[in-house]
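Numbering (the numbering used here), first residue to last: 128 to 663.
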């Protein structure tokens with residue numbers, strides 16, 4: 128592959144920082160074999176800490192020896208502490224067995240330790256993308272990538288997703304604007320990068336299927352673009368067998384993979400990895416040399432201490448326990464939503480990760496609900512518009528995270544045991560109250576017939592059943608009240624007046640027979656899917 132075509136002018140110009148090479152030489156040297164007079168490393172005798180004792184939650188004592196403490200408080204290689212880099216490579220071989228690890232050309236797999244996967248993503252985007260470039264990003268997507276891409280001035284091309292991952296039809300529709308042969312033209316604006324969260328997508332919780340990944344990878348080969356595989360939730364997949372990664376099928380060396388310890392070990396230690404073809408990882412390291420220099424060395428040493436104590440089997444056992452922890456929480460929140468919200472929202476059960484992505488029926492935009500009404504009720508969601516490129520567009524979605532809230536708080540939405548009084552959760556109150564207000568706005572007033580033809584049709588069906596004739600007039604001016612059992616309960620019935628001409632045998636001075644009654648609101652539960660504001 129011609130990796131030079133993917134690099135920005137700044138990245139192509141980057142070369143190794145000379146003194147950083149001296150640090151690497153000094154670190155790799157056998158202790159006592161060099162008289163080090165080259166680098167500006169401080170003398171470790173001036174550091175105030177000498178050692179540390181750490182205890183795991185199971186009571187195991189871990190000793191950070193003076194030797195390891197000195198290493199942790201000192202500069203290290205920009206690529207990462209040598210033992211941490213090697214452990215990361217072993218992890219990729221065990222979990223993904225990347226074909227590029229066996230290559231004997233420049234596409235061979237390499238790895239760089241970063242300050243979390245966010246740093247890896249940011250520096251990779253800066254390495255590959257410049258103002259005006261077309262960049263493929265799945266939608267909805269992780270807001271962190273949008274915060275990186277938008278200020279860069281690139282053109283974000285949103286690839287739609289479904290329950291299997293990125294939609295092939297959407298990807299091909301976007302790419303149909305170019306001929307695959309244009310990828311060889313250095314002046315072409317053909318997309319060169321595709322960003323995707325492959326397992327437990329943030330916010331949807333969807334894991335891209337193996338078949339869909341194969342299709343995406345073949346399109347990447349056809350149009351010669353790189354795949355940026357952001358996979359912080361790889362170890363929180365709820366299926367029996369994890370779905371193979373893009374890295375595991377990368378025969379060309381066109382995948383840059385981002386891993387993170389934040390979700391499984393510690394978010395605050397800020398340890399992640401970027402794995403990909405050596406020429407691109409090298410440029411990433413060159414960038415780190417003149418920026419952060421390296422990921423936190425003390426964090427790397429603590430990570431190594433834990434990982435070496437566990438061994439590979441212990442690490443796998445830990446990640447399995449983390450998966451079970453989040454699986455239980457996923458089940459609780461889904462059960463609660465099934466109980467309380469199935470008439471007011473739609474969702475797909477997450478197969479990985481920490482998030483439930485819900486579409487609220489009858490709601491055009493959830494921003495006001497999230498930032499005002501939900502907060503007033505003591506609940507904090509993430510609004511749907513945070514996960515799309517154009518945050519000025521309305522979104523009926525919310526993201527509910529089940530990672531931190533105590534189980535008893537999530538469990539308030541779960542079915543109660545027999546004999547117990549049912550509790551209505553704050554989450555349920557917010558959603559149903561918003562639905563009530565929204566329904567009220569949509570069904571009352573002079574423009575009812577014009578704006579809500581579906582509701583009128585449903586009322587006519589009800590009226591014909593009640594009155595025994597299709598000759599019914601609906602007076603929508605009386606639809607001024609949505610009746611409910613309490614302020615925060617879902618709407619139960621709608622007040623309407625129905626009228627028909629009286630039969631000849633009906634003795635009355637009035638020409639019309641009028642019935643004022645209440646129609647069950649469940650009849651209109653799909654009413655909110657009509658955008659009444661945009662109708663003529």
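Positions of the beta carbon are idealized from the N, C-alpha and C atoms, including for glycine. Since this is a predicted model, take the numbers as computed values, not measurements.
In its own chain, which residues sit with a C-beta less than 7 Å from the C-beta of residue i, not counting the 5 before and 5 after it?
i, result
"residue 329", "269, 480, 482"
"residue 161", "153"
"residue 412", "205, 206, 239"
"residue 426", "396, 397, 398"
"residue 379", "128, 234, 348"
"residue 226", "377, 378"
"residue 216", "238"
"residue 342", "295"
"residue 258", "279, 280, 281"
"residue 410", "134, 138, 141, 254"
Run through the DSSP bridge pairs and tell me what residue i is partnered with.
i, result
"residue 264", "285, 322"
"residue 364", "479"
"residue 292", "289"
So, at 6 Å on beta carbons, what are the nonlocal neighbours of residue i in its own chain, with the 5 sequence-adjacent residues on each side left out?
i, result
"residue 572", "Because residue 572 carries a pLDDT of 38, less than 50, the predicted location of this residue cannot be relied on, and the following value inherits that uncertainty. Here the set comprises nothing."
"residue 509", "526"
"residue 530", "481"
"residue 321", "263, 352, 354"
"residue 255", "133, 320"
"residue 261", "282, 284, 316, 318"
"residue 174", "200"
"residue 265", "286, 288, 293, 323"
"residue 402", "219, 238, 384"
"residue 404", "234, 380"
Give the secondary structure of residue i by DSSP, where H, G and I count as helix, E and B as strand, and everything else as coil.
i, result
"residue 612", "Confidence at residue 612 is low in this model, with a pLDDT of 32, below 50, so the placement of that residue is unreliable and no value is reported for it."
"residue 407", "helix"
"residue 311", "helix"
"residue 402", "strand"
"residue 357", "strand"
"residue 441", "helix"
"residue 131", "helix"
"residue 144", "coil"
"residue 419", "coil"
"residue 252", "helix"
"residue 449", "helix"
"residue 171", "helix"
"residue 393", "coil"
"residue 433", "helix"
"residue 377", "coil"
"residue 424", "helix"
"residue 317", "coil"
"residue 676", "Residue 676 cannot be examined here, being either before or after the span of the chain that is shown, 128 to 663."
"residue 412", "helix"
"residue 370", "coil"
"residue 150", "helix"
"residue 572", "Because the pLDDT at residue 572 is just 38, under 50, the model does not fix this residue reliably, and the value given afterwards should be weighed accordingly. Note: residue 572 maps to coil in three-state DSSP."
Which residues in the same chain as residue i place their Cβ atom closer than 8 Å to its Cβ, once the five residues preceding and following it in sequence are excluded?
i, result
"residue 168", "150, 153, 201, 202"
"residue 115", "The first residue shown for the chain is 128 and the last is 663, placing residue 115 beyond what the model contains."
"residue 521", "491, 492, 494, 512"
"residue 350", "302, 305, 307, 310, 317, 318"
"residue 472", "464, 485, 486, 487, 488, 558"
Terminal residues of the continuous beta strand (DSSP E) containing residue i?
i, result
"residue 384", "382-387"
"residue 349", "Careful: residue 349 lies outside any beta strand (DSSP E), inside the alpha helix (DSSP H) at 337-350."
Would you kindly report the start and end of the unbroken alpha helix (DSSP H) that includes residue i?
i, result
"residue 273", "270-279"
"residue 301", "295-302"
"residue 138", "136-140"
- request: Quick one: which unbroken beta strand (DSSP E) runs of 3-plus residues sit fully inside the stretch 173-199? Chain order, please.
  value: 179-182, 188-191
Beta strand (DSSP E) runs contained entirely in the stretch 196-246, provided each spans 3 or more residues: 236-241
Beta strand (DSSP E) runs contained entirely in the stretch 459-533, provided each spans 3 or more residues: 472-474, 482-487, 524-528
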